[in-house]
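With numbering that gives the first Met the number 0, you'll find the sequence shown wraps up at 330, consecutive numbering, no jumps. Since the structure comes first, as structure tokens, the remarks are kept for the end.
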Amino acid sequence: MQKGLTNLNRYLLEEQRKYPHATGDFTFIIEQIAFASKIIAREVNKAGIVNILGKAQSVNVHGEDQQKLDVYSNAKMIEALDHIGKLCAMGSEECEDIVPIPDKYPKGKYVVVFDPLDGSSNIDVNISIGTIFGVYRAVTEGNQGTVEDFLQSGRNLVASGYVIYGSSTMLVYTAGNGVSGFTLDPGVGEFLLSHENIKIPEKGKIYSFNEANFDRWTPEIQNYVKSLRSNKERQYTGRYIGSLVADFHRNLLKGGVFAYPGDTNNPNGKLRLLYEAAPLAYIVEQAGGAATDGINNILDIKPEGIHQRTPLVIGSKYEVELYRKYVTGEV
Ligand code: AHG
Ligand code: MN
Ligand code: MN
């Protein structure tokens, strides 16, 4: 497809035509997510000049302060998706329970999960943040939407992606046919195809961990990190932004590994399987990389609860596999 002239809608339409039985429902969902992300991008970009910075007066289900932009982004994602007749429910990092479709609207066969604003501690300091999303087919009969519809492993994802609000806004997306990247042209307000068939390098030179947690990691994890630091053949460099989307995006394009392992305070780490780990694991696998919790492939983990956390190690195949070997005692 021709770069620059292919907007997201055309790309989705051409993909849809490859499947003769496709109804267009799915294309519509992605278009609405892209629409919400443009509204969020506009708000993110003016966050410094209007009174939207700072904390809202609420705490989310994980006991973290909710930033105003978290609340705003969550509302925009829900508003963009609740009326389209293609979903039977939504799941958001910011909502304790699954989000039902209002009775006044028709329902459909898909469910969408999202982290509406990832990296929220970076909002106030003008550093890249993002939105992460995943789309599943509902599994329960009828179209009421139940928690069961959300407790699916990442292998069942129909599509996933993220939007990064960085020096430009980009949407990166897969529906199981490789990974494509679209850059928002603010002049026309369209996402234009800018990165075709993204592949992550097999080995990277970047590692991204919050090393302040080092003393709380197991000796196996500490030894893994030490092995990267002292590697004589490859001079690794550390890069850690503290916005998963931004750290992941950089490593996807340049090669490397991001890890948020469990530690003595938080045995399952910090990140959520459904809203963060699984959607990015699908992207990375489609790009030729890998994601593990140390033992299991992230895409094979079936969640037991919608807000379940998981250790996450994600990026280039070589570094992710090496981590798994350290944790399982193979090296
Ligand atoms: P969120 O803003 O959606 O709660 O996610 C924050 C996450 C993630 O973006 C990042 O990788 C991680 O928090 C950083 O955590 P630390 O500050 O503990 O390093
Ligand atoms: Mn997040
Ligand atoms: Mn978030």
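We treat Cβ as the ideally placed atom computed from N, Cα and C, and that holds for glycine.
Contact under 7 Å by Cβ, residue i with residue j
{"i": "L170", "j": "A33", "result": "yes"}
{"i": "G153", "j": "A280", "result": "yes"}
{"i": "Y317", "j": "E232", "result": "no"}
{"i": "N267", "j": "F257", "result": "no"}
{"i": "Y285", "j": "V178", "result": "Reading the sequence as shown, one finds Gln at residue 285 and not Tyr. In this structure, V178 lies closer than 7 Å to Q285 by Cβ."}
{"i": "F181", "j": "G90", "result": "no"}
{"i": "G255", "j": "G314", "result": "yes"}
{"i": "T173", "j": "I205", "result": "no"}
{"i": "K108", "j": "A137", "result": "yes"}
{"i": "T309", "j": "L272", "result": "yes"}
{"i": "L298", "j": "Y259", "result": "no"}
{"i": "I199", "j": "G287", "result": "yes"}
{"i": "S127", "j": "G165", "result": "yes"}
{"i": "A276", "j": "V283", "result": "no"}
{"i": "H248", "j": "I163", "result": "yes"}
Close-in-space but distant-in-sequence residues of the same chain around residue i (CB under 8 Å, 5 per side omitted)
{"i": "L332", "result": "For residue 332 there is no data in the structure shown, the boundaries of the chain being 0 and 330."}
{"i": "K106", "result": "G84, L86, C87, I100, N142, Q143, G144"}
{"i": "I77", "result": "M89, S91, V98"}
{"i": "C94", "result": "V60, N73"}
{"i": "G23", "result": "Q15"}
{"i": "V319", "result": "V256, G288, A289, A290, T291, V312, I313"}
{"i": "D81", "result": "M89, V98, I100, P101, Y104"}
{"i": "Q334", "result": "As displayed, the chain neither begins before 0 nor continues past 330, which places residue 334 out of reach and without an answer."}
{"i": "I197", "result": "V171, G177, V178, S179, G180, L251, L252, A286"}
Residues near residue i in its chain [Cβ-Cβ closer than 7 Å; skip 5 each side]
{"i": "R215", "result": "D262, T263, N264"}
{"i": "Y239", "result": "S207, F208, N209, D246"}
{"i": "A88", "result": "I97, V98, P99, I100, V110, G144, D148"}
{"i": "S72", "result": "I39, P115, L116, T130"}
{"i": "I305", "result": "G90, I97, V146, F149, L273"}
{"i": "K269", "result": "Y259, R308"}
{"i": "K75", "result": "A35, I38, I39"}
{"i": "S226", "result": "none"}
{"i": "V330", "result": "K324"}
{"i": "T5", "result": "L191, L192"}
Limits of the unbroken beta strand (DSSP E) element including residue i
{"i": "V312", "result": "311 to 314"}
{"i": "D117", "result": "109 to 117"}
{"i": "A21", "result": "Note, A21: premise wrong, no beta strand (DSSP E); not H, not E."}
{"i": "S159", "result": "158 to 164"}
{"i": "S91", "result": "86 to 91"}
{"i": "V134", "result": "128 to 136"}
6 Å Cβ shell around residue i - same chain, five flanking residues per side excluded
{"i": "Y161", "result": "G129, I131, V171, V244"}
{"i": "L7", "result": "A33, F181, F190"}
{"i": "N212", "result": "D262"}
{"i": "P302", "result": "L150, L272, L273"}
{"i": "R323", "result": "T291"}
{"i": "A21", "result": "Q15"}
{"i": "L183", "result": "T168, F190"}
Endpoints, alpha helix (DSSP H) assigned at residue i
{"i": "T26", "result": "24 to 44"}
{"i": "R233", "result": "Note, R233: premise wrong, no alpha helix (DSSP H); not H, not E."}
{"i": "S72", "result": "67 to 80"}
{"i": "L12", "result": "7 to 16"}
Heavy atom of ligand 5 within 6 Å of residue i beta-carbon
{"i": "L243", "result": "In terms of ligand content, the structure shown lacks ligand 5 and carries ligand 1, ligand 2 and ligand 3 instead."}
Query raised in the report: Quick check: the segment 185 to 196 against the segment 215 to 229, are there 3 or more CB pairs under 8 Å?
Result: no
Requested in this report: Would you check if the segment 118 to 125 and the segment 152 to 162 touch, i.e. whether three or more CB-CB distances between them fall below 8 Å?
Outcome: Contact fails: fewer than three Cβ-Cβ distances are below 8 Å.
Query raised in the report: Three or more C-beta pairs closer than 8 Å, one from the segment 97 to 117 and one from the segment 128 to 135: is that the case here?
Result: Counting Cβ pairs under 8 Å, three or more are found: they touch.
Query raised in the report: Which runs of the beta strand (DSSP E), 3 residues or longer, sit entirely within the segment 172 to 230?
Result: Listed in chain order, they are 178 to 184, 189 to 194, 205 to 207.
Query raised in the report: What alpha helix (DSSP H) runs, 4 residues minimum, are completely inside the segment 254 to 295?
Result: 277 to 285
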